[in-house]
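For reference, the structure discussed in these notes is given below.
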Amino acid sequence: MTMVILTVDDSRTMRDMLRLALAGDEFEVVQAVDGLDGLDVLSRNEPDVIITDINMPNMDGFGFIEGVRRTERHRSTPILVLTTESDGAKKQRARDSGATGWIVKPFDPVKLIDAIRRVAA
Amino acid sequence: MSATPTPASSTAERELVAFRMGEQEYCVDIQSVLEIRGWAPATPLPQSPSYVRGVINLRGTVLPIIDLGARLGLPVTPPSARHVIIVARIGFKTVGLLVEAVSDILTVGEELIQPTPDISCETVRAFVKGIIAIDGEMISLISLDGLLPDEIVQEAA
Amino acid sequence: MDPMEAIKITFFQECDELLGDLEAGLLTLETGAGDEETVNAVFRAVHSVKGGAGAFGLEPLVRFAHVFETTMDAVRSGALAPEQSVIQVLLRAADHLADHVNSAKAGGAPMGDGEALIVAELEALTSGVVPPVAGISSPEADEFGFSPMMLSLDAEPKPELAGEAAGDPAWTVRFTPKDVMYRNANDALPLMRELARLGQMAVNCNVASVPLLDAFDPLGAYLTWTVTLTTDATRDRIVEVFEFVEGDCLFSVEPAEVEAAPEPVYVEQVQGFEPIPAAVIKPATGPSQASTPSSLPTPAPAADATAANDAKGNDTPAQATIRVELDRVDRLIDLVGELVINQAMLAQRVMESGVARSSNIALGLDDLEQLTREIQDSVMAIRAQPVKSVFQRMPRLAREVAAMTGKRVRIVTEGEGTEVDKTVIERLAEPLTHMLRNSIDHGLETPEERRAVGKPEEGVVKLAAMHRSGRIVIEISDDGRGINRERVRDIAVQRGLIEATAVLSDEEVDNLIFAPGFSTAETISDVSGRGVGMDVVKRSIQALGGRITILSRPGQGSTFTMSLPLTLAVLDGMVVTVGEQTLVVPITAIVESLQPKAGDVQALGPEGYVLSVRGAYVPLIDVAEAMGWQSSTTPAGPGVTLLVESGTGGLAALRVDAIQGQRQVVIKSLELNYQQVEGIAAATILGDGRVALILDVDAMINLRKRAAPPPPLLLAIAS
């Protein structure tokens, strides 16, 4: 069963790398460029897992996660945040917003998939 | 641009386009040849060697026309409608070679190509890379490298 | 191409954009116009560069970006105020970051010195600032939940594994989620599944805490799992499974002890995969399926976001764009060029066949020509780019030159969105760079000098781009000292460019700076060895089919005006007959066409001729002769003469046999399949399908000036 993954990141490079890491039959990748776009894409897709960056224009990761958790349909959709290095405060804030887990940038594709599996229902 | 021998065959074969210039027979490897066209009047270029006849329009590309006979030092014959232009690739450039007529397309085993006799002619030494005897006729194999005036054929930057 | 290589290319492209945003943001802050969002944008730019660089292991870049990011973070949090002195440091840091990116692009080419200095400056800014963000690891991250289980340990039965593997160690994992865990969409099932991946396991679920229905909170957590796991994985690996839920649950991982299992109370022992006994309500799915309306509000997130967005001043409306490979566009442009040629050929042949001008066919052909021209314009517009990409590099260059020459300068740009064909843009950077250097180095006075004459110490250089009568005009103006006309005159006399007694207008004196030989090592101050004379600049602009002039006001400043064609792919030309051939003369070079009388032609010297034009004499060049298509020594008949202007501003008269008309022609390269020919700029294909050469006016004039005539040619004579 293909898992739909929504990736939200303002960096084209990051989006390409995520897409590359999740290439294959197991995942189908849907992308958005910032929090606002992410909520828009979310309204038209049913991702199984969401991966989002924190620093983005228009609406940052925290705002996006809170927005996701406010939608009925996606209150229990797992959300992973991308953070550079293990910044505890960011992680905690992400958690407070409703993030399920995190992935450290630069990410190891294997760890990325592990993290997805760890949260995907 | 010589053909690489196919591993399967025991003797390598080359496909050659034979043509006539100034009472002599010559040929080039077909891998250099893109097409064969009838003669068209060329727009002359100033400051150019005599064997550069000018340029023609080949489907939107500007093609220089080289009188191959003149390049080899043969007497220049005024081109007529019976002349033929062999469109060939030299390095990264496409040029038109003006010859009198195209005779044939030959498939020749590599072993039939004899080394060029040591004539003290510059152009022969520069361009003729071998001799082939077929049906009592002598056909000289030409390499196109260095044909264009003056400059080394540019490889891409 | 290896996909990572492709992404690396994307990364460097993105870096260029990010660096541009970074600089733009800092410049905005410098003028005092920036706000919180500007600072955020700058931070994000550095952050993104760092992030991508990390993914590709570009260590030096990452290290510097990190220092830079830390400083920007301090600005972002308000701990460091963006005063002018701070902004200057940040601007230098931005330049240094760009250097790092370029070094990384070049495969880690060694960087110049200066890293230590800028790093020290950045760190000095943040050292006095208390970091508002807590340290790297929060206390939670380190705890592995060693706290003992709340529930009665001894009563817990240990699940037995069927067919226990002899070799691998066994662990007991106890896991009790707190209700907050589920709020973040964490769930026991995936965790159990992950554990199962590690080896063999048996799971018990304790439902003792599940209350009766009336006390049951669907959002609550009441379950405890006990897992016996046989695995060769390390303890750390097992613990890692719970990485996301630490703090939101209680769990422990301990080596299993073999123990007699007491009578289980009400737990169903399950093997392997199914952690949840069917009888138990699974709270994890509760919230999403709860029929009771949740107490959580459901606002439309989009509306909230929009409001927040507007508050941040999101200005540019999103325009639909697509990314297209350049090859495809180039190919399309070539094809359209062919279309134009073909259409012209068709029209010519049809008209030659005697069709009436008013017939339907002729009218149809006119429509076709109109359509074709429109298609060509539209297609050319695809490749048109705003000059912004060239203008963007100027502020940094200005900073460098200013620093080197001790001047203070501010760059103002106008009309950055003015579009021009890609082919022109690429060739614009160099002349612009030279002119900017020149303006700052020669045009602007030092701060002291400026103060002395009542000007602000900071000089202003303005770059403006605009469309004017089918061309693009770029102006570089400075508010410096203007051209010192006396000095220019003296130098010109010294170099033998003009007679000491020559009478020249102010404008003519100003334009002397473009004369070849005017600038030498003396007059070009060595701005780090890259000074270049204005004559070189003028020539490179003319190579683009452009013109350049200067307007100067002593004491007030100078304005250079460059006029360029919108594209290098087509040319407006005058089609002329020379001997039996057709030639095209670029319109930009033509001043006017003349019909001289025989008496206007005068011989000068052994071979030359001059033409009298309104009292002045200009060299007369017979084009047919210059091209070697005619070996006569006297111009045959009056013919038509085109007065042309050379690159140096000098005039000459070109004699041709007849003028056919003005036409826009598609430029075809001669170098592509042949080589450069002196006197010829390029070629084109006319309506009759024949190739016509495009004259290089400058070269033509210079050819003529050579002592020896061109060697005789053997012509191909059409039969």
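Protein chains in written order, with our numbering: chain E, 1 to 121; chain X, 1001 to 1157; chain L, 2001 to 2719. Virtual Cβ for every residue (Gly too), placed ideally from N, Cα, C. All values reported here derive from a predicted model rather than from experimental measurement.
Within the same chain, 1001, 1088, 1089, 1090 and 1144 come within 8 Å of residue 1032(X) by CB-CB distance, once the 5 residues on both sides are set aside. Under the DSSP assignment, residue 42(E) falls outside any beta strand (DSSP E), being part of the alpha helix (DSSP H) whose first and last residues are 35-43. Looking at the DSSP output, residue 2681(L) sits in no beta bridge, so it has no partner there. For residue 20(E), the chain L residues whose Cβ falls inside 8 Å of its Cβ are 2003, 2004 and 2007, in order along the chain. Per DSSP, the beta bridge partners of residue 2410(L) are 2460(L).
With a threshold of 7 Å between beta carbons, residue 96(E) makes no contact with chain L.
Taking each of 2650(L), 2422(L) and 2186(L) in turn and checking the Cα distance to residue 2618(L), the smallest one comes out for 2650(L). Residue burial annotation: residue 2595(L) is exposed, with fewer than 16 other C-beta atoms found within 10 angstroms of its C-beta.
Residue pairing by DSSP places residue 2184(L) opposite no residue, since no beta bridge is assigned to it. Taking residue 1055(X) as the centre and dropping the five residues before and after it, the same chain places the C-beta of 1042, 1043, 1045, 1062, 1063, 1064 and 1065 closer than 8 Å to its C-beta, in chain order.
The criterion of a C-beta distance shorter than 7 Å is not satisfied by residue 2548(L) and residue 2510(L). A Cβ of chain X is located within less than 7 Å of the beta carbon of residue 2689(L). Annotated three-state conformation of residue 2177(L) is strand, per DSSP. The secondary-structure analysis by DSSP pairs residue 1109(X) across a beta bridge with 1013(X). Pairing residue 2604(L) with residue 2500(L), the inter-Cα distance amounts to about 24 Å. Assignment of residue 2084(L) by DSSP, reduced to helix, strand and coil, places it in the helix class. The Cβ atoms of residue 109(E) and residue 21(E) sit closer than 7 Å to each other.
Pairing residue 1019(X) with residue 1076(X) gives a Cβ-Cβ distance that is not under 7 Å.
In this structure residue 34(E) is in contact with residue 56(E), their Cβ atoms being roughly 4 Å apart against a cut-off of 8 Å. For the pair residue 2169(L) and residue 2196(L), the Cα-to-Cα distance works out to about 15 Å.
Rounded to whole angstroms, the Cβ separation of residue 2052(L) and residue 2038(L) is 22 Å, and the two are not in contact under 8 Å.
By the neighbour-count criterion, in which a residue is buried when 16 or more other Cβ atoms sit within 10 angstroms of its Cβ, residue 2373(L) is exposed. Non-local C-beta neighbours of residue 2339(L) in its own chain, meaning closer than 8 Å and more than five positions away in sequence, comprise 2372, 2375 and 2376, ordered along the chain. In this structure, the beta-carbon distance from residue 2611(L) to residue 2600(L) falls below 7 Å. Short of 6 Å from the beta carbon of residue 2107(L), and not among the five residues preceding or following it, lies no beta carbon of its own chain.
Inside the region 1058-1128 of chain X, DSSP marks whole beta strand (DSSP E) runs of 3 or more residues at positions 1061-1067, 1084-1090, 1093-1099 and 1101-1109, from first to last along the chain. Take residue 2419(L), set aside five residues on each side of it, and the residues of its chain with a beta-carbon closer than 7 Å to its own are 2384, 2385 and 2386, in chain order. The beta-carbon of residue 2391(L) is placed no less than 7 Å from the nearest beta-carbon of chain E.
Between the beta-carbon of residue 1073(X) and that of residue 1123(X) there is about 5 Å, and that keeps the pair under the 8 Å contact cut.
In the three-state reduction of the DSSP assignment, residue 96(E) falls in the helix class.
The C-beta distance from residue 1057(X) to residue 2685(L) rounds to 5 Å, short enough to fall under 8 Å. Cα atoms of residue 2180(L) and residue 2191(L): separation of roughly 16 Å, rounded to the nearest angstrom. Residue contact check for residue 2051(L) against chain E: a CB pair falls below 7 Å. At the C-beta level, residue 2657(L) and residue 2577(L) come within 7 Å of one another. Look at residue 2597(L) here: in three-state DSSP terms it is coil, with no helix or strand label. Contact annotation: the region 2222-2232 of chain L touches the region 2201-2212 of chain L, with at least three C-beta pairs closer than 8 Å.
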